[in-house]
Amino acid sequence: MLSKRNFGMMMTIILVILILFLSSAVLREYFNDYNENHSADSEWVKRSEETKETKDSKNSEKNWHIIYIGKQDTEYYESIQEWCIYRKAEFEEYSETKKALKKAEAYEKENTYLLISGSVLEKDTETVSDSLTSYVEAGGKIIFCSLPDYLVIEKSETLKNLLGIQQLRAKSVTLQEIWLYGGFLLGGETCYSFDELQDPDKVDMEREIPWYDISSRTKTYMVGFIKAEEQTKQELHNEDMPAIIWRCNTGEGSVFAVNGDYMEGKLALGILDAMIYESQNYVLYSIVNAQNLSVIGFPDLTKENEKKFAEVYGFDSKQFCQNIVWPALVSAAQDGDWKITAYLATKQDNASKEDADVKSLVDYLKYFNEELAEAGISLGRMNDTDIQKSLEADKQEIEKQDITYPFSGAYIRSENEEQLSKLVKDEKLKTFSDIRTICKDYDEEQPVFSWLTDWITTQAITMNGYQYTYKDDFRLKSVQTALGYSNVQADIYRAIWPQKRKDEWEVISEKLASNISTYWKPFSVFEKTTITESDTRVRRFLNESVTSDRKADQISIKVENFNEDAWMMLRTHGEKIESMKNGSWEKIEDDAYLLHLTSSQATVTLKSDTELYYSEK
39 MLSKRNFGMM
49 MTIILVILIL
59 FLSSAVLREY
69 FNDYNENHSA
79 DSEWVKRSEE
89 TKETKDSKNS
99 EKNWHIIYIG
109 KQDTEYYESI
119 QEWCIYRKAE
129 FEEYSETKKA
139 LKKAEAYEKE
149 NTYLLISGSV
159 LEKDTETVSD
169 SLTSYVEAGG
179 KIIFCSLPDY
189 LVIEKSETLK
199 NLLGIQQLRA
209 KSVTLQEIWL
219 YGGFLLGGET
229 CYSFDELQDP
239 DKVDMEREIP
249 WYDISSRTKT
259 YMVGFIKAEE
269 QTKQELHNED
279 MPAIIWRCNT
289 GEGSVFAVNG
299 DYMEGKLALG
309 ILDAMIYESQ
319 NYVLYSIVNA
329 QNLSVIGFPD
339 LTKENEKKFA
349 EVYGFDSKQF
359 CQNIVWPALV
369 SAAQDGDWKI
379 TAYLATKQDN
389 ASKEDADVKS
399 LVDYLKYFNE
409 ELAEAGISLG
419 RMNDTDIQKS
429 LEADKQEIEK
439 QDITYPFSGA
449 YIRSENEEQL
459 SKLVKDEKLK
469 TFSDIRTICK
479 DYDEEQPVFS
489 WLTDWITTQA
499 ITMNGYQYTY
509 KDDFRLKSVQ
519 TALGYSNVQA
529 DIYRAIWPQK
539 RKDEWEVISE
549 KLASNISTYW
559 KPFSVFEKTT
569 ITESDTRVRR
579 FLNESVTSDR
589 KADQISIKVE
599 NFNEDAWMML
609 RTHGEKIESM
619 KNGSWEKIED
629 DAYLLHLTSS
639 QATVTLKSDT
649 ELYYSEK
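In the working numbering, the protein residues as written are 39 to 655.
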């Protein structure tokens with residue numbers, strides 16, 4: 039039988055526990071300053087005057103001189119220009135090799151690179167090949183962004199020698215797998231297999247390429263392999279396999295070659311940095327150091343597809359977003375320490391006649407604050423003919439709830455970008471005056487970062503979080519190598535308006551969680567940020583210009599337009615960092631380091647990875 043004393047003690051304990059739980063919930067609610075955007079605390083840095091130079095400006099003080107020979111209608115032309123903007127490199131273009139070489143010879147060969155479209159050599163092949171050979175032998179550096187036609191190479195011994203090709207085996211060969219060797223792009227050695235065991239949705243790399251057998255004075259960075267039984271049948275060795283990316287040393291210079299479409303789009307960014315690294319005793323350049331998770335159209339505040347919702351999910355859209363989507367996003371983000379930026383949509387589709395439940399936005403802002411997430415705003419809707427009108431309506435609805443949250447990040451769908459450009463041109467983008475950065479859909483021809491105005495930046499989506507193909511993997515490695523940046527998209531619209539089973543949240547959320555916890559592991563040293571935190575780093579990256587000079591084992595670094603912090607990538611050849619003045623460093627992988635500068639000038643001291651020891655016997 040329970041005594042009065044024991045009963046009293048039990049009730050006291052229960053009461054204390056109850057009070058503790060209730061008080062913690064009350065305190066958490068009381069101190070939840072959901073109307074504050076803590077990601078926007080940093081300074082709103084304006085565009086520097088130096089970055090307003092036109093593409094045709096000539097500045098002899100530039101770090102790099104990039105001379106392009108070829109047409110503008112290639113798949114890599116825009117990305118080469120983009121790379122030059124990021125590296126503060128001078129960019130010049132020519133249609134004739136003779137004029138380009140004359141210009142290149144006026145510059146110091148150490149920091150000058152001749153980028154060539156293969157089609158340039160299809161006319162007057164021997165004369166052009168002779169001129170390029172002489173340039174390389176004298177110490178010049180050439181990058182073939184694409185190769186001349188197979189038959190053009192076959193007919194010219196001079197061109198074959200320039201490229202380091204000792205034998206042409208086939209005009210076209212079907213690859214069984216592709217190997218990207220480690221140490222070229224960040225992310226380590228990778229095999230892209232085309233056998234029947236692979237998911238067909240992942241296999242999207244080019245398999246048909248010309249088969250060139252390269253000489254012993256080359257170094258291969260990427261190679262294709264044919265089927266093992268074919269290798270045995272033809273008595274071939276690994277060194278006989280079709281080369282895709284390689285370097286050939288001739289005299290004092292180097293020639294880099296890309297066989298296939300592997301320089302297309304953003305792939306060119308990292309490949310260019312990797313080639314420069316391979317042709318220098320070290321390389322140091324600015325990066326952003328930011329990894330974003332952008333959730334598009336969340337929360338969805340309007341019931342727009344309820345019949346389908348009831349059929350597929352058994353919830354209405356409000357219950358779906360609060361009880362299913364948000365917990366799943368938090369779980370996926372926490373697994374990899376990601377920070378979420380959620381771009382809310384009062385309405386997903388402009389054709390919807392339902393009213394938005396903006397009252398629930400306060401709850402979401404509280405959720406975001408607890409998880410260090412950021413709320414952004416969607417600029418316009420699907421099928422929107424007047425995004426200015428939509429923005430004004432959204433602003434009015436939000437203000438009715440006494441929400442004063444400063445939306446500093448925004449998202450624009452590609453179909454609405456033309457309207458946005460007109461608003462910017464007419465200086466009418468004032469409805470949400472706190473916007474400082476706009477997230478855009480991925481486009482091969484558009485830059486990853488740019489200045490929309492002198493005060494507003496754009497950041498592009500770089501990856502779709504719901505899918506991961508071979509090309510996605512290659513692009514991830516390239517962009518991380520060049521920029522230390524990712525912007526992963528999770529578009530909730532797809533789950534709200536599912537067309538097929540693979541569009542349902544159960545399927546795509548599992549893929550999202552798996553992808554971001556797996557494929558980003560090699561780049562875990564780069565910092566996870568919200569879109570506005572990333573914007574601060576993007577502004578500094580776009581404004582600053584870095585130069586470095588090495589004497590013995592010390593590298594002196596100087597940053598123009600330095601603003602509080604700067605992030606650098608340092609890549610060496612078998613050397614480690616021993617110490618650093620005015621900054622800190624972290625190892626990314628072998629011979630690759632992330633530097634954090636806290637001053638406009640810094641010094642890095644290196645030591646050899648292999649030390650010699652002497653002992654007396």
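Think of the CB as a built atom: it goes at the ideal place given N, C-alpha and C, for glycine as much as any other residue.
Option in the options with minimal Cα separation from residue i
| i | options | result |
| --- | --- | --- |
| SER155 | GLU131, GLU146, ALA551 and ARG578 | GLU131 |
| LEU399 | ALA383, ASP387, ASP278 and ASN149 | ALA383 |
| ASP472 | MET48, GLY46 and ASN75 | ASN75 |
| ALA604 | LEU322, GLU344, ALA144 and PHE263 | LEU322 |
| GLY291 | ILE554, ASN149 and MET48 | ASN149 |
| ASP492 | GLU87, ASP79, SER41 and MET47 | GLU87 |
| ASN25 | ALA389, SER617, PHE263 and TRP82 | Any property of residue 25 remains undetermined from this structure, which presents the chain solely from 39 to 655. |
| SER459 | THR442, LEU417, LYS438 and ILE436 | LEU417 |
| ASN199 | SER617, ASP299 and THR288 | THR288 |
| THR556 | ASP529, TYR506 and LEU521 | TYR506 |
| TYR660 | GLU453, GLY262 and ASP510 | The structure shown does not extend to residue 660, since the chain is modelled only from 39 through 655, so no value can be given for it. |
| TYR631 | GLN639, MET618 and SER638 | MET618 |
| TYR351 | VAL486, ARG539, LYS137 and THR50 | ARG539 |
| VAL545 | ASN276, ALA366, VAL597 and TYR315 | ALA366 |
| LEU521 | ASP111, ALA328, GLU542 and PHE182 | ALA328 |
| THR258 | ASN502, CYS286 and ASP237 | CYS286 |
| ALA528 | ASP510, ALA551 and PHE512 | ALA551 |
Test item: CB-CB of residue i and residue j under 8 Å
| i | j | result |
| --- | --- | --- |
| THR519 | THR495 | no |
| THR171 | VAL190 | no |
| ASN599 | SER586 | no |
| VAL326 | VAL576 | yes |
| VAL396 | LEU339 | yes |
| LYS614 | LYS645 | yes |
| GLN592 | THR636 | no |
| GLU128 | ILE104 | yes |
| ILE660 | THR135 | The structure shown has nothing for residue 660, since the chain only spans 39 to 655. |
| LYS566 | TRP376 | yes |
| GLU483 | GLU116 | yes |
| SER524 | TRP558 | yes |
| ILE666 | GLN497 | Outside the shown range of the chain (39 to 655) lies residue 666, about which nothing can therefore be said. |
| ALA413 | PHE445 | yes |
| ALA295 | ILE118 | no |
| ILE180 | LEU159 | no |
Start-to-end residues for the alpha helix (DSSP H) that takes in residue i
| i | result |
| --- | --- |
| GLN434 | 425-438 |
| GLN372 | 364-373 |
| GLN457 | 455-463 |
| GLN272 | 266-272 |
| ASP168 | 163-175 |
| ASP119 | Here residue 119 is Gln; the residue named in the question, Asp, does not match the sequence. 115-125 is the span of the alpha helix (DSSP H), which, as asked, contains GLN119. |
| PHE600 | Careful: PHE600 lies outside any alpha helix (DSSP H) and carries neither H nor E. |
| LYS545 | Reading off the sequence, residue 545 comes out as Val, not Lys. 543-556 is the extent of the alpha helix (DSSP H) around VAL545. |
| LEU308 | With the sequence shown as reference, residue 308 is identified as Gly, and Leu is not the correct amino acid for it. Looking at the DSSP string, the run of the alpha helix (DSSP H) that includes GLY308 is 305-316. |
| PHE294 | Unbroken run through PHE294 is the beta strand (DSSP E), 291-296; no alpha helix (DSSP H). |
Residues bridged to residue i [DSSP beta-bridge criterion]
| i | result |
| --- | --- |
| GLY414 | TYR381 |
| MET260 | LEU218 and ILE283 |
| GLN329 | SER524 and LYS566 |
| ASN502 | GLN527 |
| GLU134 | Per DSSP, none; premise fails for GLU134. |
| GLU627 | ALA630 |
| CYS183 | According to DSSP, which records beta bridges pairwise, CYS183 is partnered with nothing at all. |
| ILE105 | GLU130 and LEU152 |
Limits of the beta strand (DSSP E) - the one that residue i falls within
| i | result |
| --- | --- |
| ARG578 | First-last for ARG578: 569-581, but that is the alpha helix (DSSP H), not the beta strand (DSSP E). |
| GLN639 | 639-646 |
| TYR658 | Only positions 39 to 655 of the chain appear in this structure, which leaves residue 658 out of reach. |
| GLU349 | Taken as a continuous stretch (DSSP letters only), GLU349 belongs to no beta strand (DSSP E), being part of the alpha helix (DSSP H) at 344-350. |
| TRP249 | 246-252 |
| ALA448 | 447-450 |
| THR212 | 203-212 |
| ASN619 | Checking the displayed sequence, the identity of residue 619 turns out to be Lys instead of Asn. Element bounds for LYS619: 613-619. |
Whole-number beta carbon distance between residue j and residue i, since they are thought to touch under 8 Å
| i | j | result |
| --- | --- | --- |
| TYR504 | MET243 | That pair is no contact at about 20 Å. |
| ASN330 | VAL526 | 7 Å |
| SER184 | MET301 | 7 Å |
| LYS341 | GLU392 | 5 Å |
| ASN407 | TYR72 | 5 Å |
| GLY298 | ILE282 | 6 Å |
Any chain C beta carbon closer than 8 Å to residue i
| i | result |
| --- | --- |
| PHE294 | Included in the structure is just one protein chain, with no chain C present. |
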